[in-house]
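Q: When the letters of the sequence shown are read in order and numbered with my numbering, they come out as residues 9 to 523. Ideal placement from N, C-alpha and C gives every residue a C-beta, glycine not left out. Input: one structure, supplied below.
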Amino acid sequence: MLTMLSALDNAVRLYGSRQAILDEEQNFTWSEHVDRAAKAAGMLAEFGIGPGDRYGIICENAFRYTELIHAGYWGGAIAVPINHRLAPLEILHILEDAECKALILGKQFLSVADADEIAPWGDKIIYVGPPDGDVSQPQYEDLLARAAPAPQYLVGEEDLALLLFTGGTTGRSKGVQLTHKNVHSNGMQMAIAMHANPNDIYMHTAPMFHAADLLCTGFTLVGAAHCYLPVFSPTASLEAIQKYGVTVTMKAPTMIIMNLTESSFGNYDTSSLRMMLYGSSPMAAEWVQKSIEGFPHTQIVQGYGLTETSPILTFLDWETHKNAVETGETGVLRAAGRPVAGLDMIITDDNGEELPLGDVGEVTVRGPQVSKGYLNRPKETEKAFRDGWFHTGDVGRMDETGLMYLMDRKKDMIVSGGENIYTSEVEAALYQHHDIQECAVVGVPDEKFGEALFAVIVTAEGKSLSETDVINHCRERIGSYKIPRQMDFVPEMPKSAMGKILKNELRRIYGKTKG
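This is the structure:
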């Protein structure tokens with residue numbers, strides 16, 4: 009069956025004596041790991057959490073996080089991973105919206121429990137971390153030691169496996185309902201794309217509350233080992249690759265750039281890393297080339313997806329990256345990739361009708377990894393999930409080779425003087441300037457044109473640019489109506505936990521919020 013319970017059963021049956029968890033504190037085989045997950049399910053049962061019930065998790069990346077998610081898979085309960093960077097009121101909204109019966113809190117985030125909004129949850133909080141002798145609070149390891157393993161709950165493919173809340177960049181966070189079939193299917197799709205095998209060691213670099221961490225599922229399905237980066241830093245990630253012999257990981261482009269520009273980069277042995285997937289945003293061709301040079305043993309690949317699709321929809325493979333750099337035909341690197349196996353992808357107009365190849369419209373998909381909808385949001389579910397298709401809200405086009413090119417989020421498209429301007433095109437032109445390290449283009453109010461383009465730019469270290477420099481650079485590459493005439497040069501961008509530039513925040517700073 010396409011359930012994560014079946015995946016855990018198979019992990020024990022086929023790979024029971026192989027390493028599942030590599031950690032400074034302790035290593036576990038797959039048999040040992042699943043035993044702990046079953047006991048964690050028993051611990052949850054003692055808190056009244058059974059099949060169909062929900063529990064929140066706020067923790068750093070760690071093996072106990074995986075145990076707690078797998079405990080839900082085992083016992084039929086549903087984990088609700090929560091972004092630890094949210095304000096207490098936002099956390100409370102998620103706990104209440106999901107009707108969580110408990111909150112599992114990493115000891116790094118004790119301030120959450122002290123917040124007035126979370127205080128009423130005091131007797132529903134389980135504290136997670138290495139044993140420290142504190143008996144004043146319910147401690148995960150103590151509770152686990154006393155708990156009896158829960159019996160398996162035979163979930164169905166359409167039963168909920170996870171509730172993941174979107175970032176809330178367009179308002180309050182929405183709970184995305186992912187079924188066992190959704191999670192398992194995308195795991196299989198990515199296991200195929202990334203050639204996952206039992207000898208792999210997957211490093212959890214993306215925050216585990218983020219849908220991007222579900223990339224790990226494909227490696228669980230084949231009995232690979234997992235290790236964890238609690239908090240990203242350039243040196244910590246490089247040290248972990250060297251220490252554990254990491255073979256595969258996923259990073260945002262920002263993280264890769266931070267690795268490559270780290271002064272001690274050359275001191276680390278990264279030869280074990282056979283594949284590194286980047287996602288959350290495109291990467292400039294110059295940095296793709298530097299990545300290939302800096303990680304000579306590593307295949308560089310790209311994935312694109314959304315929380316609603318468990319998450320990966322398209323995959324841009326190593327051969328495409330390598331050929332683009334070798335031939336100098338780097339335009340293909342602006343593609344998000346080709347649809348993963350088993351996914352139908354079309355481009356549609358505003359009425360939901362399919363458009364011809366090459367036309368720009370909304371990226372629309374159907375497949376086994378597509379969510380059943382939003383929790384407690386029937387109108388939004390009906391709008392996005394209709395006629396068997398999920399309408400992503402992303403604007404793109406497909407070429408005759410099956411490559412999909414993302415143009416923009418619908419809400420990010422700028423209409424200036426009646427012209428539709430896709431910010432990704434403008435940003436791609438800006439990134440061709442060697443002195444631009446990061447950039448983002450947003451729309452701001454303009455009396456004459458309705459909207460005008462505003463570029464926010466981070467220059468490369470030790471470099472400086474003027475507005476005239478940028479305008480002259482763009483004039484050679486894009487139409488005059490697409491050239492930003494207003495801009496700001498900043499030391500850093502506001503970013504999400506995954507390193508994605510927060511355009512809503514830029515619009516707030518520079519004068520307008522759309523959507």
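1. Mind checking whether Thr174 and Thr37 have CB atoms under 7 Å apart?
2. Can you tell which of Val423, Gly80, His101, Gly183 has its C-alpha closest to the C-alpha of Pro453?
3. What do you get for Arg417, buried or exposed, if any count of 16 or more other CB atoms within 10 angstroms of its CB means buried?
4. Kindly indicate which three-state DSSP category Glu500 falls into: helix, strand or coil?
5. Can you tell which of Lys511, Phe497, Ala460 has the C-alpha that lies nearest to the C-alpha of Ile491?
6. Can you list, in chain order, the stretches of the alpha helix (DSSP H) that have 4 or more residues and sit fully within the region 124-211?
7. Just the C-alpha distance for Tyr413 and Tyr161, rounded to the nearest angstrom, thanks.
8. Could you check where the alpha helix (DSSP H) with Leu268 kicks off and where it finishes?
9. Alpha carbon to alpha carbon, how far is Ile509 from Pro157?
10. Using beta-carbon positions only, say whether Pro319 and Phe217 come within less than 7 Å of one another.
11. State the DSSP-derived secondary structure class of Gln297, mapped to helix, strand or coil.
12. So, Ala293 versus Thr338, is the Cβ gap smaller than 7 Å?
13. For Glu337, does the three-state DSSP call read helix, strand or coil?
14. Under 8 Å Cβ to Cβ from Val466, same chain only, skipping five residues before and after it: list those, please.
15. Which first and last residues belong to the alpha helix (DSSP H) in which Ile3 is found?
16. Just to confirm, are Met283 and Val254 a CB contact at a threshold of 7 Å?
17. So, do the region 351-364 and the region 394-404 have three or more beta carbon pairs nearer to each other than 8 Å?
18. Assuming Leu341 contacts Val296 under a Cβ cut-off of 8 Å, what Cβ separation, rounded to an integer in Å, is found between them?
19. Does Asp395 come out as helix, strand or coil in the three-state DSSP assignment?
20. To the nearest angstrom, how far is the alpha carbon of Glu327 from that of Phe273?
21. So within the region 205-247, which uninterrupted beta strand (DSSP E) runs reach at least 3 residues, ignoring any that extend past its ends?
22. Along the chain, where does the beta strand (DSSP E) containing Ser424 start, and where does it finish?
23. On a Cα-Cα basis, can you pick out the residue from Met291, Ala70, Val230 that is closest to Asp17?
24. Could you tell me if Thr409 is buried or exposed, where buried requires 16 or more neighbouring beta carbons within 10 angstroms of its beta carbon?
25. Quick one: grab the DSSP three-state call for Asn480.
26. Quick check: Val371 and Thr400, are their CB atoms within less than 7 Å of each other?
27. Taking its Cβ as the centre, do 16 or more other Cβ atoms sit within 10 Å of Ala204, making it buried, or is it exposed?
28. I'd like to know whether the C-beta atoms of His24 and Ser39 end up nearer to each other than 7 Å.
29. Please name the residue in Ala219, Lys182, Leu171 whose C-alpha comes closest to that of Asn194.
30. Apply the 10 Å Cβ neighbour rule to Tyr489 and answer buried if 16 or more other Cβ atoms are within range, or exposed otherwise.
31. Taking only the alpha-carbon atoms, compute the straight-line gap between Arg515 and Glu475 and give it to the nearest angstrom.
32. State the Cα-Cα distance for the pair Gly176 and Leu10, rounded to the nearest angstrom.
33. Can you list, in chain order, the residues of its chain with a C-beta nearer than 8 Å to that of Pro206? Leave out the 5 residues immediately preceding and following it.
34. On the premise that Pro347 lies in contact with Leu321, defined as a C-beta separation below 8 Å, what is that separation, rounded to the nearest angstrom?
35. Three-state secondary structure (DSSP) at Gln116?
36. Name the one or two DSSP bridge partners that Pro453 has.
A: According to the data block:
1. The count along the sequence shown starts at 1 and reaches residue 174 at position 166. The count along the sequence shown starts at 1 and reaches residue 37 at position 29. Contact: no.
2. Within the sequence shown, the letter at position 445 stands for residue 453. Closest by alpha carbon: Val423.
3. Start at 1 with the first residue of the sequence shown, and residue 417 comes out as number 409. Classification for Arg417: buried.
4. Here residue 500 corresponds to residue number 492 of the sequence shown, with the count starting at 1. In the structure shown, Glu500 sits in coil (DSSP, three-state: anything other than H, G, I, E or B).
5. Here residue 491 refers to the residue found at position 483 of the sequence shown. For Ile491, the nearest C-alpha among the options comes from Ala460.
6. 148-154, 188-201
7. On the sequence shown, residue 413 is found 405 positions in, with the first residue counted as 1. On the sequence shown, residue 161 is found 153 positions in, with the first residue counted as 1. Their Cα atoms are separated by approximately 42 Å.
8. Here residue 268 is taken as the residue at index 260 of the sequence shown, counted from 1. That run of the alpha helix (DSSP H) goes 261-269.
9. On the sequence shown, position 501 is the one that residue 509 refers to. On the sequence shown, position 149 is the one that residue 157 refers to. Distance between the alpha carbons of Ile509 and Pro157: 43 Å.
10. In the sequence shown, counting from the first residue as 1, residue 319 sits at position 311. In the sequence shown, counting from the first residue as 1, residue 217 sits at position 209. It is not a contact, given that the beta carbons lie outside the stated cut-off.
11. As a position in the sequence shown, residue 297 is number 289, starting the count at 1. Helix, per DSSP.
12. Here residue 293 is taken as the residue at index 285 of the sequence shown, counted from 1. Here residue 338 is taken as the residue at index 330 of the sequence shown, counted from 1. Yes. Within cutoff.
13. If you number the sequence shown from 1, residue 337 lands on position 329. DSSP places Glu337 in coil when its eight states are reduced to three.
14. As a position in the sequence shown, residue 466 is number 458, starting the count at 1. Correct list, in chain order: Ile444, Gln445, Glu446, Cys447, Phe497, Val498, Pro499, Glu500, Met501.
15. The first residue shown for the chain is 9 and the last is 523, placing residue 3 beyond what the model contains.
16. By 1-based counting over the sequence shown, the position of residue 283 is 275. By 1-based counting over the sequence shown, the position of residue 254 is 246. No, these two residues do not count as a Cβ contact at 7 Å.
17. yes
18. On the sequence shown, residue 341 is found 333 positions in, with the first residue counted as 1. On the sequence shown, residue 296 is found 288 positions in, with the first residue counted as 1. Contact flag correct, Cβ pair sits at about 6 Å.
19. Locating residue 395 in the sequence shown gives position 387, counting from the first residue. Asp395 falls in the coil class under three-state DSSP.
20. Here residue 327 refers to the residue found at position 319 of the sequence shown. Here residue 273 refers to the residue found at position 265 of the sequence shown. Taking the straight line from one Cα to the other gives about 25 Å.
21. 209-212, 233-236
22. As a working mapping, residue 424 is identified with position 416 in the sequence shown. Run containing Ser424: 422-424, per the beta strand (DSSP E) assignment.
23. The residue you call residue 17 lines up with position 9 of the sequence shown. The shortest C-alpha separation from Asp17 is found at Val230.
24. Working through the sequence shown from its first residue, we reach residue 409 at position 401. Counting Cβ neighbours within 10 Å, Thr409 comes out exposed, since fewer than 16 surround it.
25. Taking the first residue of the sequence shown as 1, we reach residue 480 at position 472. In this structure, Asn480 counts as helix in the three-state DSSP scheme.
26. Residue mapping note: residue 371 aligns to position 363 of the sequence shown, counting from 1. Residue mapping note: residue 400 aligns to position 392 of the sequence shown, counting from 1. Yes, the pair counts as a contact, with Cβ atoms nearer than the cut-off.
27. In the sequence shown, counting from the first residue as 1, residue 204 sits at position 196. By the 10 Å Cβ count, Ala204 comes out buried.
28. For the purposes of this step, residue 24 is identified with residue 16 of the sequence shown, where counting begins at 1. For the purposes of this step, residue 39 is identified with residue 31 of the sequence shown, where counting begins at 1. With the sequence shown as reference, residue 24 is identified as Gly, and His is not the correct amino acid for it. A contact, by the Cβ cut-off of 7 Å.
29. Taking the first residue of the sequence shown as position 1, residue 194 is located at position 186. Minimum Cα distance to Asn194 is reached at Ala219.
30. Here residue 489 corresponds to residue number 481 of the sequence shown, with the count starting at 1. The residue is exposed, with fewer than 16 neighbouring Cβ atoms inside 10 Å.
31. Taking the first residue of the sequence shown as position 1, residue 515 is located at position 507. Taking the first residue of the sequence shown as position 1, residue 475 is located at position 467. About 19 Å.
32. Start at 1 with the first residue of the sequence shown, and residue 176 comes out as number 168. Start at 1 with the first residue of the sequence shown, and residue 10 comes out as number 2. Legend: pLDDT at Gly176 = 48, less than 50; position of this residue unreliable, no value from coordinates given.
33. Within the sequence shown, residue 206 is the residue found at index 198, counting from 1. Result list for Pro206: Tyr23, Arg26, Val230, Gly231, Ala232, in chain order.
34. For the purposes of this step, residue 321 is identified with residue 313 of the sequence shown, where counting begins at 1. For the purposes of this step, residue 347 is identified with residue 339 of the sequence shown, where counting begins at 1. Between Pro347 and Leu321 the Cβ distance is about 6 Å, and since that is below 8 Å, they are a contact.
35. Counted from its first residue, the sequence shown places residue 116 at position 108. The answer is helix: DSSP assigns Gln116 an H, G or I state.
36. As a working mapping, residue 453 is identified with position 445 in the sequence shown. According to the DSSP secondary-structure assignment, Pro453 is paired through a beta bridge with Glu459.
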